[in-house]
Every structure is written in structure tokens, then in C-alpha cells.
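**Student:** Chains as they are written, first to last, in our numbering: chain A, 1 to 359; chain B, 1 to 274.
1. What are the start and end residues of the alpha helix (DSSP H) that includes residue 254 (chain B)?
2. Alpha carbons only, please: which of B:119, B:108, B:109 is nearest the one belonging to residue 80 (chain B)?
3. Going by C-alpha to C-alpha distance, which of A:118, A:135, A:45, A:117 sits closest to residue 97 (chain A)?
4. Where does the unbroken beta strand (DSSP E) through residue 287 (chain A) begin, and where does it stop?
5. Give every residue of the same chain whose Cβ lies closer than 7 Å to the Cβ of residue 204 (chain A), excluding the five residues on either side of it in the sequence, and list them in chain order.
6. Exposed or buried, which one is residue 30 (chain A) when buried takes at least 16 other CB atoms within 10 Å?
7. Can you give, in chain order, each stretch of the beta strand (DSSP E) that sits fully within the stretch 185–257 of chain B and has at least 3 residues?
8. Per DSSP, residue 155 (chain B) forms a beta bridge with which residues?
9. Using the Cα positions of residue 45 (chain B) and residue 53 (chain B), report the straight-line distance between them to the nearest angstrom.
10. So the candidates are A:131, A:328, A:49, A:335; which of them puts its Cα closest to the Cα of residue 343 (chain A)?
11. Helix, strand or coil for residue 112 (chain B), going by three-state DSSP, please let me know.
12. Excluding the 5 residues preceding and the 5 following residue 359 (chain A) in the sequence, name in chain order all residues of the same chain whose CB lies nearer than 6 Å to its CB.
13. Kindly say whether residue 358 (chain A), judged by its beta-carbon, lies nearer than 7 Å to any beta-carbon of chain B.
14. Helix, strand or coil for residue 262 (chain B), going by three-state DSSP, please let me know.
15. Just to confirm my understanding: we take residue 165 (chain B), look at its own chain, exclude 5 residues before and 5 after, and list those with CB closer than 8 Å. What are they?
16. Following the continuous beta strand (DSSP E) through residue 222 (chain A), name the residue where it begins and the one where it ends.
17. Compare the C-alpha of residue 293 (chain A) against each of A:241, A:87, A:332 and name the closest.
18. So what's residue 131 (chain B) in DSSP terms, helix, strand or just coil?
19. Starting from residue 164 (chain A) and walking both ways along the beta strand (DSSP E), at which residues does that stretch end?
20. Excluding sequence positions up to five away, which residues of its chain have a Cβ less than 6 Å from the Cβ of residue 122 (chain B)?
21. Quick one: grab the DSSP three-state call for residue 103 (chain B).
22. Given a limit of 7 Å on CB to CB distance, which residues of the stretch 123–137 of chain A reach chain B?
23. Please state whether DSSP places residue 338 (chain A) in a helix, a strand or coil.
24. Would residue 271 (chain B) pass as an interface residue toward chain A - the criterion being a Cβ-Cβ separation below 7 Å?
25. Which same chain residues, not among the five before or five after residue 335 (chain A), have their C-beta less than 8 Å away from its C-beta?
26. Taking residue 43 (chain A) as part of the beta strand (DSSP E), name the residues at either end of that continuous run.
27. On a CA-only basis, which of A:69, A:48, A:250, A:202 is nearest residue 282 (chain A)? Give me that one, please.
28. Look up residue 101 (chain A) in the DSSP assignment and say whether it is helix, strand or coil.
29. Taking residue 184 (chain B) as the query, report the chain A residues whose CB atoms sit under 8 Å from its CB, ordered along the chain.
30. Since residue 229 (chain A) meets chain B, which of its residues come closer than 8 Å, beta carbon to beta carbon?
31. Should residue 2 (chain A) be labelled buried (16 or more other beta-carbon atoms within 10 Å of its own) or exposed?
32. In terms of residue numbering, what span does the beta strand (DSSP E) encompassing residue 329 (chain A) cover?
33. Going residue by residue through the stretch 51–108 of chain A, where are the continuous alpha helix (DSSP H) segments of at least 4 residues, counting only ones entirely within it?
34. Does the Cβ of residue 258 (chain A) have 16 or more other Cβ atoms within 10 Å, making it buried, or fewer, making it exposed?
35. From which residue to which residue does the beta strand (DSSP E) around residue 7 (chain B) run?
36. Please determine, among A:155, A:104, A:230, the residue with the shortest C-alpha to C-alpha distance to residue 143 (chain A).
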């Protein structure tokens, strides 16, 4: 109970004497995900599959009762458990395995955009999405790219009628990944949905890329002001195996890397860079290209993540690079900009995004 | 399967045969002796009707003074004509190409194995402009592909600007070693427009120019079986052609081409991959 002193009208004398008790005004309860419309991005951290299922199933039943489109994208074990828990309405949900459905950050971003656009055009209502990142067991750079994916969701879908519930198995994830969840998600939980005190604006989170790790040993270098045609030749010679006689290149991967190299070098030329250097390498498990230039650099942290406008034919180079390469890293320094793009054999040869080998 | 008519870096003109169409850039005064004469000699050896088109008035006399050539001129197996007489103003390239096809067919009826043409068209390009000439080259290439004729188009690099030299290289299935094609070539074979070589942001405008000169009635069928590289700018050029009303059909596109097309997310047009 909270005591509130009441004064008689016109009485400006200091308060003395009795107080009158007024009933407490309870705090407004935090909403449930079922109640919220517009863009909702919330994380559910769990240690067991049962915890996740218990947290999410009531909301899913609520969404289905409201006839909202529901899409679930989880690892196989959690997928089956949640499907069993949802019960008879499970057939109205679209289920997919996170290691099979667009298991790449930039491609998943695009795929979700297509889902949202489709839902807005054909169904209306609030799209409900329960998913988890396809974290690989491979290099930490790939995991970091999934963290950037989570941050990008806040920018790309701001204002869209979509609820995104992101599941994190904190028992198996590295501590730093679990720690970043609060920074990339505006909220946690589904019932209730509670604002995250650690949330960072996406442009602040994305602007934290440090220097790139050292180039692979034996990377071939071309200096000066490399033209796009020469960059392609370099990729063909080095990554294509003509020079190194290295491991066979998965079908299509060389074509993709040639496009990536050309787009990156072309962007540098268009930006007026005087120095454009290219490195290319082929190792046991990957091939890649890095372009360094002294141009004005990319100041847009979202560059290449957003779907291009249908009204303008230009500005698609970095978008295409992010979609074709398996990993793109960008670093700015005093000397200019470095963009590194890599293609992994495990992904290309086997579609295996879970077990990309460590470098 | 690689198209049969695509050759790059031709150095020996005597190896050219029927259906070949080569762009030969020169920048010295020796091209006639070094290139045209051996080329025409080979044609006479193959029993082809040989035609030399030039604005150099001395060529006829020079050929007449050469024993074999002189007698061939007398017999009518070697013709020498001016650029003006052969190409006129090219007001209607399609009609000109039709007349050319009939000329080839008549030569066959007269017992020749085909027609061999050596043509220095520098003055024609300068007079008519590169755009009209490109349209002519794209028109006559379809005739060369289907008739018993071999054509060598010679250009004096010293009298043409670099952009014109580049686009002329791009409209010949074959180019000489020194010509260069600016990365890609476009030619007709099997009813399709083939693209060979590489097209990126720097050469895509030229590709657009050459493809528009290739438009005829019906859809534009583009064959990419011999294309080494195309990036998104090439597909933007195709999109614009389709957006302007010409359906585009792409044959033998690789998976990366389809990926790029999907990623462009441009407004829908009548362009499909087969």
C-alpha cells in the first residue's frame, strides 16, 4: 500500500496530520508475444529442448488460434519436439531445419524478407517466426556473422508485422555468443516479452568489426591498381587450381568467387581508389579473395545486407557478393578498406553448414 | 558445345574458311601485302570467287600486275570494287544482306565453291558512323553463318577512335591477334546470338549496344555456352532489352548466371532461361 497525502483545495499550508491510504496501482504487466503486433524481436535462452518447448508452445497455440502464419526453423531435434508439443495444429505451421533452410546469414536474411513480403501481400496479419541460427562448428568469423545477422534483423524489419523469436541453446554455445544475445535482441522471452537492458542499436553493433585476421599462408598477391579482368584471371589461376594444382574445386564455387572478386574490384574502381590490391588463396577447405583499396570506404554498416530496390538498377554489387560468398568480412583502417570473401568446400560440396572446418 | 565460328587471335588469314567472319585491325601500310594477298590467294586455290573491296585506287592495278591475279580478274574470278559501290549508304542493311546472299548463291551456280571477301571498310565506318556499321555487321553475320562465304573486314586503327575499334572487335566471331575485342564478341550461329569472352561493368554498355544491333523480329535468343564470364551488369543490359519489349531467351546459362538474375530482383520482364 502506498500512502498519498491529500490537501484541501486552496490549502497551501505545510501538510500535517493524517494521511489517507490509496490502493496501489500495480505496474503494467509485460505483454506476451501473442499480444504484440508490429516488429517484435525477442530471444529465448534455454538449456534444454524441454525448456524451449515449454516457453514457446503456448504462444504458438495462441498465434495459430488467431490464424497468423507461423514459420518454425530449428535444428532437427528441437523441431521434432516442438512439433509434437503443438499437436493437432502442427500441420498449419511451416517447419524447416535450420541447417537446411537458407543456412547462411545473408541468404537467410533474404529468405526471411521474402517470407515477410509474401505474408504481407497474400495473407495479412502478423508473421510469426521461431528460429535459431545455423551456428557452424567452424571458424569464429562464421559465428560472428550470425551475430551480425541478428543485429541486421532489427534494421531490415523495423516496422514490419513480424514476430521473431530466436532460440539460443546457451548450454552449448560459447559464452561470448550467449553474451551477445542481449545486445542484438531488443527483448527476451515470449510470455512475457521483456526489454533487454543490453540492447545496442544495429549500427552500433555492426560497427565493431576489428582488423581482419592474417591472410592465409601462401596467398597470392597482386598489387598496384588491379583491374577486374586481372582479378578474375588471378582467381582462375589460384583458386581454380591451374597454378597450385590443389584440391578440386566444388562445382560452381569458382564461378561464384570470380563474380565476387570482380564486383569488389569494380566497386573500388568506381569509388576512385588509386590503390587496389588483390589476394587470392586456395587451401584444403576453402578458397577466398581479399581486396584492399585506398578509396573512401564503406560508411554504411548495412552495405550489402538490404535487398536492392527494384526501382534502381545500380547498387547491387555488394549485395551479390554477400549472397554468393559464404563469408564476407569488412575492415576499415588508416590505409583504406579491406574486404575478404571466402567460399568453404564443406558448404559447396555437401551443403553442410554445420561442419565447416576450422582454419 | 563451343560454337564453331568463334576464334580469337587469328594470325594466319589463309586458315580462314567458309562461314568465318574476321575483324582485322591494322595500323601500318603492309596489311594488303601481308594479309589480303595471301588470304585472296588461298581463295583462288579453293576455287572461290574472290572479291576485294577497297577505296585504294591502286589496288586494282597492283593486282592486275600480279600474273595469277591478273588472269583471274580477266576471267571474272577476282573482282575489285570500291566501298561505295558495294555498300552504298546501307540505308537498308537487311536488303543489302539479302542481295549479298543472292550473289553468293549465284556464284555457287557458276561453279565456285563459295565467295571470299577481303574488305577494307575504314572509310565506310567513318562515313556511316559506328552505330550503323555495327548494325550492318550484325545483319550480314547471320548471312555469313548460313551461306558459302568467308569475310575479312579490315580496319585502319589509325583512322578510328578506340571505342569504335573496340565495338568493331566485339561484332566479329573471329578477330586478328592485334585487333583485340575488348573482352567479348557477339555473333550469330544456329539462330542464336552467341556471346563469347567476358562482360563486366566496363564492357556491359558495349554489350548492350551490340545486342540492340542484333534485334530482329521475334525474341532475342542469347547463347552463353562460350561466355567465360558475365556479371550482373550484363544481365541488367538484357533486362533493359526485355523491358523495352523484346522477349529474351537465355540458352546454356550457368548456375551462377541464374543466381545473379534472381539476386538482381529487377521488375519482372519476359526473360527466361532455357
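Cβ coordinates follow ideal geometry from the N, Cα and C atoms, glycine included.
**Tutor:** According to the data block:
1. No alpha helix (DSSP H) contains residue 254 (chain B), which DSSP labels as neither H nor E.
2. In terms of Cα proximity to residue 80 (chain B), the closest of B:119, B:108, B:109 is B:119.
3. Residue 97 (chain A) has its Cα closest to that of A:135, out of A:118, A:135, A:45, A:117.
4. First-last of the beta strand (DSSP E) with residue 287 (chain A): 286–293.
5. Closer than 7 Å at Cβ, skipping near neighbours: no residue.
6. By the neighbour-count rule (16 or more Cβ atoms within 10 Å), residue 30 (chain A) is not buried but exposed.
7. Correct list: 192–199, 220–223, 227–230, 248–251.
8. DSSP output for residue 155 (chain B) lists B:25 as bridge partner(s).
9. Cα to Cα, residue 45 (chain B) sits roughly 19 Å from residue 53 (chain B).
10. Among A:131, A:328, A:49, A:335, the Cα nearest to that of residue 343 (chain A) is on A:328.
11. Here DSSP, grouped into helix, strand and coil, assigns residue 112 (chain B) to coil.
12. With a pLDDT of only 34 at residue 359 (chain A), under the threshold of 50, the placement of this residue in the model should not be trusted, and no figure is reported.
13. The predicted position of residue 358 (chain A) is uncertain, since its pLDDT is 40 and thus under 50; a value taken from the coordinates is nonetheless stated next. No, its Cβ sits nowhere closer than 7 Å to a Cβ of chain B.
14. Residue 262 (chain B) falls in the helix class under three-state DSSP.
15. For residue 165 (chain B), where only same-chain residues beyond five positions count, the Cβ hits under 8 Å are 25, 155, 157, 179, 180.
16. Boundaries of the beta strand (DSSP E) harbouring residue 222 (chain A): 220–222, taken from the DSSP string.
17. Sorting A:241, A:87, A:332 by C-alpha distance to the C-alpha of residue 293 (chain A) places A:332 at the top.
18. Here residue 131 (chain B) carries a helix assignment [DSSP, helix/strand/coil].
19. Per DSSP, residue 164 (chain A) belongs to the beta strand (DSSP E) from 162–169.
20. Excluding five sequence positions before and after residue 122 (chain B), the CB atoms of its chain that fall closer than 6 Å to its own CB belong to 155, 156, 159, given in chain order.
21. Helix, per DSSP.
22. The stretch 123–137 of chain A vs chain B, Cβ under 7 Å: nothing.
23. If DSSP states are grouped into helix, strand and coil, residue 338 (chain A) belongs with the strands.
24. Chain A contact via Cβ: absent.
25. In chain order, 292, 294 place their CB closer than 8 Å to the CB of residue 335 (chain A), counting only its own chain and leaving out the 5 sequence neighbours on each side.
26. Note, residue 43 (chain A): beta strand (DSSP E), 40–46.
27. Checking every option, the nearest Cα to that of residue 282 (chain A) belongs to A:250.
28. In the structure shown, residue 101 (chain A) adopts coil according to DSSP, grouped into three states.
29. By Cβ distance, chain A contributes nothing, its closest Cβ being about 11 Å from residue 184 (chain B), past 8 Å.
30. Ordered by position in chain B, the residues that pass the 8 Å Cβ test against residue 229 (chain A) are 183, 198, 200.
31. With a pLDDT of 28 at residue 2 (chain A), under the threshold of 50, the modelled position of this residue cannot be trusted, and the question is left open.
32. Start and end: 327–333.
33. Qualifying alpha helix (DSSP H) stretches, in chain order: 76–86.
34. Burial call: buried.
35. Taken as a continuous stretch (DSSP letters only), the beta strand (DSSP E) holding residue 7 (chain B) covers 7–10.
36. Residue A:104 is the option with its Cα nearest to residue 143 (chain A).
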